[in-house]
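Down below is the structure, laid out as structure tokens.
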Amino acid sequence: MKKIFTLMLFFIISCDLTAQTVFGILVDNNGSALGGISLNLYVSQKVYSATSLPNGSFTFTNITAVKEEQLPAGYSISANFPNPFNPRTRIEITLPNNGNVKAELFNQIGQKIGTDIEKNFSAGKSYIDLELNGLSNGFYIAQITVDGKYKIVRKLMLLYGSQHLITSSSSSNTGMNKTDPLGNTSIGILLDSIVASSAVIGRKTFTSLPLLTGSELNLGNLVVERFCPGIPTVVYAGKTYNTIQIGSQCWLKENLDVGVRINGATEQTNNIILEKYCFNDVDANCTTYGGLYQWDEAMQYGTAPGLKGICPTDWHIPTIAEYETLGATLNNDGDALKAVGEGTGTGAGTNTSGFSALLAGFRYYTGAFELLGRTTVYWSSTMYSATNASEMILYNQDNRITMYNGHKGDGLSIRCLKN
29 MKKIFTLMLF FIISCDLTAQ TVFGILVDNN GSALGGISLN LYVSQKVYSA TSLPNGSFTF
89 TNITAVKEEQ LPAGYSISAN FPNPFNPRTR IEITLPNNGN VKAELFNQIG QKIGTDIEKN
149 FSAGKSYIDL ELNGLSNGFY IAQITVDGKY KIVRKLMLLY GSQHLITSSS SSNTGMNKTD
209 PLGNTSIGIL LDSIVASSAV IGRKTFTSLP LLTGSELNLG NLVVERFCPG IPTVVYAGKT
269 YNTIQIGSQC WLKENLDVGV RINGATEQTN NIILEKYCFN DVDANCTTYG GLYQWDEAMQ
329 YGTAPGLKGI CPTDWHIPTI AEYETLGATL NNDGDALKAV GEGTGTGAGT NTSGFSALLA
389 GFRYYTGAFE LLGRTTVYWS STMYSATNAS EMILYNQDNR ITMYNGHKGD GLSIRCLKN
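Structure follows, in structure tokens:
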């Protein structure tokens, strides 16, 4: 008897949730931390806000529960009785009108157990019996949803050797109104959803979150899938490219590498062969950094802005205006475009965009290869003059994004943008 009293005292104390905190880490599908992301936690009628730190961590504090008295007049959801119980207990439901009631059961870490119970009840008093036969001793959570909009959480204690629900004596109003040792206080918090949003990742919603039943809840890693909706990869010319959604734009995540390598001293020409340069005429550099192309070859000898050129079907070489949109989405932070490990000092890549740019260098129009590890230059499909076209440049020692007009004979990198 002394042991049971001690357990019940612990249970009463453990239900007094006063300083609830929810925390976790926001990462992308590659495990990279997502910092500077605005997050909103929705709990019933309340919204809690936080911003992820550079390491992706976030914390919501002072989370408060929905109290029983917040149910509209005429509604009532009792605490379960008996409690502790073995193995059957009952929750009384009072409705002012006919309605639908759904009961879900969870263990202490928020995993659903058993089969949901869902019934249509008439106005007045009804009840739902919950049976946890075969489960181990401990605390369990019952989430009761009325008409799909009112939710109350009850904490149950299964303890073998405790009182069993006796249907004949508890089916009457007198039996159901026995004093419950825990009263009718809401003793858990249902987290409706967390919404992560920024100009870069857009809006991502996380649902099916665990119940908050203690002073804190660690959600672990919340993973934001950042590939373009429905297009995680693109297979083109025998290679697989990943995609990345940045704001409203869908990009290939790697530089294009298609065609047959020719030496840097040779001009690319309008023939039936798609030609490319590899930095320093080394094939492995194309594998790592992608091919380098003269503007006319990349455009396949067309001149219209937004042309497909050498990109896959339904993709195109971006215009300079589309590169400017990319820069504006990132507050013109070139470091956000560069892969982690690329650049130094104020030019060190953070890759918060997921663009994963490498400092691939370029082939100068005279035939020399230059600035590998120091800069990268991307052709746009915007022609500036008969001899020049617009390009985007990133540097290794600062975070500038520069739009420039370069010689069409240069061999530059190509990134493709979804139509």
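Just so you know, we're using my numbering here: the sequence shown kicks off at 29 and counts up by one.
From the three backbone atoms N, C-alpha and C, an ideal C-beta is built for every residue, glycine too.
Tell me the DSSP secondary structure of residue 248 in three-state form.
Taking the first residue of the sequence shown as position 1, residue 248 is located at position 220. The answer is strand: DSSP assigns residue 248 an E or B state.
Quick one: residues in its chain with C-beta nearer than 6 Å to the C-beta of residue 44, no 5 flanking neighbours on either side, listed in chain order? In the sequence shown, counting from the first residue as 1, residue 44 sits at position 16. Any reading at residue 44 needs caution, since the residue's pLDDT is 38, under 50, leaving its predicted position unreliable; the model's value is listed next. Here the set comprises nothing.
(message) Pop quiz: residue 318 and residue 441 are said to be a contact at Cβ under 8 Å. What is the actual Cβ separation, rounded to whole angstroms?
(response) Here residue 318 corresponds to residue number 290 of the sequence shown, with the count starting at 1. Here residue 441 corresponds to residue number 413 of the sequence shown, with the count starting at 1. Going by Cβ atoms, the distance from residue 318 to residue 441 rounds to 6 Å, so yes, they are a contact pair.
ask   = Whose C-beta lies closer than 6 Å to the C-beta of residue 132 among residues of the same chain, with five residues either side of it excluded?
value = Within the sequence shown, the letter at position 104 stands for residue 132. Excluding its 5 nearest sequence neighbours in each direction, residue 132 has C-beta neighbours in its own chain below 6 Å: 144 and 171, listed in chain order.
- Residue range of the beta strand (DSSP E) that residue 59 falls in? The sequence position of residue 59 within the sequence shown is 31, counting from 1. Segment: none, residue 59 is in no beta strand (DSSP E) and carries neither H nor E.
| message | Does residue 231 pass the burial test, meaning 16 or more other C-beta atoms within 10 Å, or should it be called exposed? | response | Within the sequence shown, residue 231 is the residue found at index 203, counting from 1. Its Cβ having fewer than 16 others within 10 Å, residue 231 is exposed.
* Asked: If you run the structure through DSSP and keep just helix, strand and coil, what is residue 282?
  -> Translated into positions along the sequence shown, residue 282 becomes position 254. Under the three-state reduction of DSSP, residue 282 is assigned to coil, being neither helix nor strand.
- Going straight from the alpha carbon of residue 293 to that of residue 304, what length do you get? Here residue 293 corresponds to residue number 265 of the sequence shown, with the count starting at 1. Here residue 304 corresponds to residue number 276 of the sequence shown, with the count starting at 1. Distance between the alpha carbons of residue 293 and residue 304: 12 Å.
task = Can you grab the Cα-Cα spacing for the pair residue 81 / residue 66, in whole Å?
result = Your numbering for residue 81 matches position 53 in the sequence shown. Your numbering for residue 66 matches position 38 in the sequence shown. Straight-line Cα distance between these residues: approximately 10 Å.
Quick check on residue 97: buried or exposed, where buried means 16 or more other Cβ atoms within 10 Å of its Cβ?
Here residue 97 is taken as the residue at index 69 of the sequence shown, counted from 1. Residue placement at residue 97 is flagged as unreliable, the pLDDT there being 43, under the threshold of 50; a coordinate-derived value is accordingly withheld.
Can you check whether the CB of residue 310 is closer than 9 Å to the CB of residue 219? In the sequence shown, counting from the first residue as 1, residue 219 sits at position 191. In the sequence shown, counting from the first residue as 1, residue 310 sits at position 282. Taking 9 Å as the Cβ cut-off, residue 219 and residue 310 do not qualify as a contacting pair.
TODO: Report back the beta-carbon spacing between residue 369 and residue 377 to the nearest angstrom; my notes put them in contact at under 8 Å.
DONE: Taking the first residue of the sequence shown as position 1, residue 369 is located at position 341. Taking the first residue of the sequence shown as position 1, residue 377 is located at position 349. The pair is a contact, with the Cβ atoms about 7 Å apart (cut-off 8 Å).
Original post:
In whole angstroms, what separates the C-alpha of residue 27 from that of residue 76?
Top reply: There is simply no residue 27 to check, as the chain begins at 29 and stops at 447 in what is shown.
Point to revise | Limits of the beta strand (DSSP E) - the one that residue 449 falls within | key: Within the shown structure, residues of the chain are numbered from 29 to 447, placing residue 449 beyond reach of any answer.
Item checked: Sequence ranges, beta strand (DSSP E) only - wholly within the segment 258-331, length at least 3 -> Runs found: 261-264, 267-274 and 277-280.
| query | Applying the criterion that 16 or more other CB atoms from any shown protein chain within 10 Å of the CB defines a buried residue, is residue 241 buried or exposed? | reply | Here residue 241 corresponds to residue number 213 of the sequence shown, with the count starting at 1. With a 10 Å radius around the Cβ and a threshold of 16 neighbouring Cβ atoms, residue 241 comes out buried.
Q. Excluding the five sequence neighbours on either side, which residues of its own chain have a C-beta within less than 8 Å of the C-beta of residue 235, listed in chain order?
A. Against the sequence shown, residue 235 aligns to sequence position 207. Once the five neighbours on either side are set aside, the close Cβ partners of residue 235 are 220 and 221.
Worksheet entry | Beta-carbon proximity of residue 181 to residue 123, cut-off 9 Å | For this step, residue 181 is matched to residue 153 along the sequence shown. For this step, residue 123 is matched to residue 95 along the sequence shown. No, the Cβ-Cβ distance between residue 181 and residue 123 is not below 9 Å.
Practice task
Pull up the distance between the alpha-carbon of residue 149 and that of residue 105, whole angstroms please.
Solution key: Position 121 of the sequence shown, counted from the first residue, corresponds to residue 149. Position 77 of the sequence shown, counted from the first residue, corresponds to residue 105. If you take the alpha carbons of residue 149 and residue 105, they lie about 13 Å apart.
With H, G and I counted as helix, E and B as strand and the rest as coil, what does DSSP make of residue 417? For the purposes of this step, residue 417 is taken as the residue at position 389 of the sequence shown. Looking at residue 417 - three-state DSSP - the assignment turns out to be strand.
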